[in-house]
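Trainee: Residue numbers for the sequence shown follow UniProt numbering, beginning at 1 and rising by one.
Structure provided below as structure tokens; questions to follow.
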Amino acid sequence: MFQWRTLPLVAALLVVHTVAVQVVRMSVVTPACQSLCTCHDGGVDCSGKGLTSVPDDLPGNMTSLNLSRNAIHDLPNHTFTRFHLLSVLDVSYNNISRLHVQAFVGLSSLTSLNLSWNALTLSHEAYPADVFTPLATSLSDLRLGGNAQKTDDPDAEYPDFALSVLKNLTYLVLDGFAKTNFGPGFSELHSLRNLSLLGFPEGYCSIPKLENSTFANLPSSLSLQGSNLEDLYINEIMDPYSVCVVIDTNHTRYFKDTRLQSIHAESNRIEIFTPGALDNMPDTLSFVSVSGNRLGFGSYFLDFIHLPNLKTVTNDGYLQTPHPPTSYPAFSVKPELCESSPYAHESERGCHRPLGSDRRAFPPWYPFIENDRLEGGDASTHISLTYFLPPNLTSYVSRWNQMHYKIVNIQFDENNTLTNLDLSNNLLAVWIGPFKGLNHLESFDLSNNFAHTINYTFFDTFPELKTLRLSRNYLRDPLMNDEQGRMFANLSKLESLDLSSNYINIIPAAAFQGLKNLRQLNLSHNDIFNFEITVSHMMSLTSLDLSYNNIHFIPKFITDHLDLITSNPNVTVYLNLTFNPIACLCTHIDFLTWIQQSAVQFVHQSNYSCLRPDGTVKKMTNIFDEIQTLQKTCGDFVGMLIGAFTCFFCLTLALASAVLYRFRWKLRYLYYASRLAHSRKRTLTENSFEVDAFVSYCSEDDEFVHGELVRQLEERKGLRLIVHHRDFTPGQPIPCNIVAAVQNSRHTLVVLTRHLLQSDWCQYEMQMATMESVHTGRNVLLFLLYEDIPSHELPRQVLYNIQSSTYIHFPHDHPELVPNFWVRLAKALKEQ
1 MFQWRTLPLV
11 AALLVVHTVA
21 VQVVRMSVVT
31 PACQSLCTCH
41 DGGVDCSGKG
51 LTSVPDDLPG
61 NMTSLNLSRN
71 AIHDLPNHTF
81 TRFHLLSVLD
91 VSYNNISRLH
101 VQAFVGLSSL
111 TSLNLSWNAL
121 TLSHEAYPAD
131 VFTPLATSLS
141 DLRLGGNAQK
151 TDDPDAEYPD
161 FALSVLKNLT
171 YLVLDGFAKT
181 NFGPGFSELH
191 SLRNLSLLGF
201 PEGYCSIPKL
211 ENSTFANLPS
221 SLSLQGSNLE
231 DLYINEIMDP
241 YSVCVVIDTN
251 HTRYFKDTRL
261 QSIHAESNRI
271 EIFTPGALDN
281 MPDTLSFVSV
291 SGNRLGFGSY
301 FLDFIHLPNL
311 KTVTNDGYLQ
321 TPHPPTSYPA
331 FSVKPELCES
341 SPYAHESERG
351 CHRPLGSDRR
361 AFPPWYPFIE
371 NDRLEGGDAS
381 THISLTYFLP
391 PNLTSYVSRW
401 NQMHYKIVNI
411 QFDENNTLTN
421 LDLSNNLLAV
431 WIGPFKGLNH
441 LESFDLSNNF
451 AHTINYTFFD
461 TFPELKTLRL
471 SRNYLRDPLM
481 NDEQGRMFAN
491 LSKLESLDLS
501 SNYINIIPAA
511 AFQGLKNLRQ
521 LNLSHNDIFN
531 FEITVSHMMS
541 LTSLDLSYNN
551 IHFIPKFITD
561 HLDLITSNPN
571 VTVYLNLTFN
581 PIACLCTHID
591 FLTWIQQSAV
601 QFVHQSNYSC
611 LRPDGTVKKM
621 TNIFDEIQTL
631 QKTCGDFVGM
641 LIGAFTCFFC
651 LTLALASAVL
661 YRFRWKLRYL
671 YYASRLAHSR
681 KRTLTENSFE
691 VDAFVSYCSE
701 DDEFVHGELV
711 RQLEERKGLR
721 LIVHHRDFTP
731 GQPIPCNIVA
741 AVQNSRHTLV
751 VLTRHLLQSD
761 WCQYEMQMAT
771 MESVHTGRNV
781 LLFLLYEDIP
791 SHELPRQVLY
801 NIQSSTYIHF
811 PHDHPELVPN
821 FWVRLAKALK
831 EQ
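Below you can see the structure in the form of structure tokens.
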């Protein structure tokens with residue numbers, strides 16, 4: 001019979017039972033870890049502990065075990081027998097060379113096994129036939145990459161018999177070797193959906209070619225022909241130094257009856273598609289990425305209209321500078337195959353391009369563009385082509401491709417829907433137009449193209465343009481001379497205009513008069529002094545970025561207009577004046593008060609700077625204190641007069657400093673030229689010179705200049721040269737010697753190497769030659785490109801000089817062309 005006095009005992013027993021249950025539950029959820037390892041959420045992490053074998057005292061109830069990055073060399077039989085709850089096992093980055101037949105006995109719950117980056121060779125000896133039998137029904141993810149260090153081993157073979165028992169395997173990672181052969185065991189992997197043969201850094205891969213029988217034994221889910229595959233990644237499957245990679249109809253014949261929506265074929269050195277190759281693409285294809293290839297112009301462009309649902313194409317160049325080769329390619333396309341192709345260029349203009357020279361996306365005549373420059377030709381003036389685009393293509397991106405075109409007479413078939421065109425980060429320096437056919441274009445990016453010339457009607461053929469990015473060019477002179485506002489006159493629908501980093505210092509008042517719907521205007525990172533453009537028509541302007549300029553104040557008619565826009569309670573206007581010397585002067589106290597009281601949002605106001613009456617520029621910590629101080633100062637007439645005079649003096653000094661800085665090289669040139677003229681009277685006539693060329697080079701290149709260039713040009717071609725180590729007058733200042741050499745020479749020959757780019761004196765010599773050219777009106781500079789230097793490694797001023805001057809490549813990779821090279825160079829140096 002239950003008695004009340006027994007209640008305390010029963011309660012105590014219940015408490016003890018509850019605590020015991022909680023302890024048992026905690027022991028199941030959180031296993032006890034070995035001292036070297038750490039536990040978290042039912043898992044044990046023993047990675048990077050220097051272990052040489054699997055520890056004996058690991059908890060048997062763990063669900064995941066990380067043994068990666070140790071020195072384990074063996075997994076004995078029955079190593080994991082106790083771990084029946086283990087679902088994830090990572091033994092990557094160890095020294096295991098072979099697996100024992102019963103190594104994985106007991107792992108009935110294992111779903112993921114990572115054996116990557118061990119020493120397991122691709123052989124049946126390393127993977128016994130029954131090694132994965134204990135995992136037959138559970139394992140879905142198996143990673144074996146990074147084991148086949150010798151991808152060219154003729155005896156290597158995939159362990160298909162060992163893998164064949166894994167009926168539920170869906171994800172498999174392997175290395176790719178030269179003799180790729182998926183044995184009959186792969187046909188049993190009915191659940192396999194993802195097979196990855198990844199190269200570095202995921203593993204090793206060296207597959208020279210794919211045969212028709214390569215994937216014969218793979219399950220139908222991985223077959224291309226007739227499959228439901230939607231995304232295909234075939235990036236970097238070609239040797240990085242292959243030449244003449246041509247895609248023909250035989251390569252694409254199985255694509256037609258697929259449901260592919262995207263194809264990624266990046267960095268395969270593809271140069272051309274034969275006519276008809278693109279006709280085999282499925283109608284479902286909507287996205288293509290062929291970045292990092294070497295695609296040139298060809299008749300396959302006419303096949304684009306046969307891609308009815310293609311919407312996006314990405315054809316970027318290389319975003320990073322490639323590393324130099326470490327070995328010769330294991331194979332290459334035979335040159336005669338390229339020469340015999342009716343779709344390839346002539347052998348000397350296509351297949352035999354120098355290894356490492358970057359001509360992707362260039363027209364067939366580009367390898368000899370230096371000839372055109374030397375002889376005055378221009379291969380872009382007679383273009384009369386029509387380009388055809390896929391009817392539903394909306395976006396085309398081609399950046400970092402070193403496209404070096406004059407944009408002249410470009411015509412697209414009007415049956416297109418292209419809305420986004422990105423040609424940024426190229427070398428499209430001259431925009432003449434007309435650029436017709438892109439009537440639906442809404443976004444156009446031409447930023448970072450070193451552009452310096454624009455026809456004012458260039459943008460007239462883009463009636464639907466809403467976003468225009470022109471940053472990081474040289475548009476100062478075209479914009480400064482556009483006093484009638486013709487450049488953007490017809491862009492009535494433009495909403496965003498980016499002109500940042502264009503060296504702009506003066507903007508005509510009417511420059512943007514046609515931009516009635518403009519919302520965002522970016523003029524940052526220029527050198528603007530006075531900002532007095534007409535904005536009364538810009539009723540939608542909500543973002544004005546004027547940061548990193550030299551603006552002292554904004555006129556009242558502009559501030560009033562911004563206030564008018566903000567009078568709409570649903571509209572916010574953002575104004576960025578950071579890193580400008582705002583004039584904290586009595587004459588501009590109204591502007592400072594406007595900053596304090598306006599509803600306009602001032603971006604990063606804490607970074608505003610204050611130009612004080614004494615000419616110093618200091619950070620504006622508190623605008624209220626600045627206004628209060630000015631109100632006291634400006635009440636005194638004498639103080640006002642002094643402040644006004646000081647302001648005028650500071651502005652004059654700032655302007656004079658800017659002018660001196662702007663023309664610093666010309667002033668240096670005139671100084672040393674006058675000094676030279678004072679010391680001796682020049683006897684040269686306009687068309688006669690003492691010597692043919694002054695050679696500007698770095699001392700690290702002495703061997704080439706003194707050993708080959710001087711011998712070829714002076715001894716064999718009869719030219720007269722000035723070489724600074726040999727011919728400079730002792731006792732004279734170096735600048736005087738440089739100016740004298742430039743003035744007394746018909747040309748200044750710059751031997752362009754990486755060493756020269758690092759030499760301050762060589763930079764000075766180029767600047768003096770540039771000033772001589774400007775001062776006299778004659779062509780002075782001639783560049784000998786002795787090294788192939790990517791454009792992004794060249795300083796902007798050097799690249800600009802190369803584009804606007806004569807240049808010629810030294811044919812390192814074609815010794816048979818060297819004699820002709822010296823003849824052409826000598827001829828160029830003799831011409832006026």
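Think of the CB as a built atom: it goes at the ideal place given N, C-alpha and C, for glycine as much as any other residue.
1. Apply the 10 Å Cβ neighbour rule to Leu-782 and answer buried if 16 or more other Cβ atoms are within range, or exposed otherwise.
2. Whether or not the segment 728-739 and the segment 753-760 are in contact is what I'm after, with contact meaning three or more pairs of Cβ atoms, one per stretch, closer than 8 angstroms; do they touch?
3. When the distance is taken between beta carbons, is Glu-230 closer than 9 angstroms to Ser-262?
4. Beta carbon of Thr-542, beta carbon of Gln-520: below 9 angstroms?
5. Tell me whether Gln-102 is buried or exposed, calling it buried when 16 or more other Cβ atoms sit within 10 Å of its Cβ.
6. Under the three-state reduction of DSSP, which class applies to Ile-734: helix, strand or coil?
7. For a test of the three-state rule: what should DSSP assign to Gln-601, helix, strand or coil?
8. Give me the Cα-Cα distance between Leu-174 and Leu-163, rounded to the nearest whole angstrom.
9. Give me the Cα-Cα distance between Leu-14 and Leu-65, rounded to the nearest whole angstrom.
10. Within a Cβ cutoff of 7 angstroms, which residues of the same chain sit near Trp-400, ignoring the five residues on either side of it in sequence?
11. Let me know the secondary structure DSSP gives Val-638 once reduced to three states.
12. Taking the DSSP output, what are the residues bridged to Ile-410?
13. The alpha helix (DSSP H) with Thr-776 in it runs from where to where?
14. I'd like the list of long-range same chain contacts for His-525, defined as Cβ closer than 7 angstroms, with 5 residues on each side in sequence excluded.
15. Please confirm if the segment 765-780 is in contact with the segment 706-715, defined as three or more CB-CB distances below 8 angstroms between the two stretches.
16. I want to check one thing, is the minimum distance from the CB of Leu-218 to the heavy atoms of the ligand COA below 8 angstroms?
17. Mapping the DSSP letters down to three states, classify Asp-231 as helix, strand or coil.
18. If Pro-128 and Leu-99 are in contact, beta carbons under 8 angstroms, what's the gap, nearest whole angstrom?
19. Hey, quick one: how far does the alpha helix (DSSP H) through His-724 stretch, first residue to last?
20. Measuring alpha carbon to alpha carbon, tell me which residue in Thr-63, Arg-69, Gly-106, Gln-767 is nearest Cys-46.
21. In three-state DSSP terms, what is Glu-700?
22. Are there 16 or more other CB atoms within 10 angstroms of the CB of Asp-445, so buried, or fewer, so exposed?
23. How would you label His-78, buried or exposed, when you count the other beta carbons within 10 angstroms and need 16 or more for buried?
24. Just to confirm, are Lys-167 and Glu-188 a CB contact at a threshold of 9 angstroms?
25. Between which two residues does the beta strand (DSSP E) harbouring Thr-467 extend?
26. On the three-state DSSP scale, how would you describe Phe-80?
27. Measure the C-alpha to C-alpha separation of Asn-114 and Leu-198 and round it to an integer number of angstroms.
28. Let me see if you follow: with CB-CB separation under 9 angstroms, is Ala-119 close to chain C or not?
29. Pull up the distance between the alpha-carbon of Gly-437 and that of Val-742, whole angstroms please.
30. Determine the closest residue to Phe-301 out of Thr-284, Ile-272, Met-487, with distance taken between C-alpha atoms.
31. Can you give, in chain order, each stretch of the alpha helix (DSSP H) that sits fully within the segment 536-560 and has at least 4 residues?
32. For the alpha helix (DSSP H) containing Gln-803, list its first residue and its last residue.
33. Could you tell me the alpha carbon to alpha carbon distance between Ser-213 and His-251, rounded to whole angstroms?
34. Report yes or no: do three or more beta-carbon pairs, one from the segment 552-569 and one from the segment 621-630, lie closer than 8 angstroms?
35. Which full runs of the beta strand (DSSP E) of 3+ residues lie inside the segment 171-205, going along the chain?
36. For Phe-553, which of Ile-582, Leu-544, Ser-536, Val-617 has the nearest alpha-carbon?
Mentor: To lay it out plainly:
1. buried
2. no
3. yes
4. yes
5. buried
6. helix
7. strand
8. 12 angstroms
9. Low local confidence applies: a pLDDT of 35 at Leu-14 is under 50, so the model's placement there is unreliable, with the coordinate-based value given in what follows. Their Cα atoms are separated by approximately 36 angstroms.
10. Asp-316, Gly-317, Tyr-318, Leu-319, Asn-425
11. For Val-638, the predicted model reports a pLDDT of 45, less than 50, meaning its position is unreliable; a value from the coordinates is still stated below. Helix, per DSSP.
12. Phe-435
13. 760-776
14. Ser-500, Ser-501, Tyr-548
15. no
16. In the structure on display, the ligand COA does not appear, and there are no ligands present to speak of.
17. strand
18. 7 angstroms
19. 724-727
20. Arg-69
21. helix
22. buried
23. exposed
24. yes
25. 467-469
26. coil
27. 15 angstroms
28. Protein chains in the displayed structure number just one, and chain C is not present.
29. 48 angstroms
30. Ile-272
31. none
32. 796-804
33. 14 angstroms
34. no
35. 171-174, 194-197
36. Ile-582
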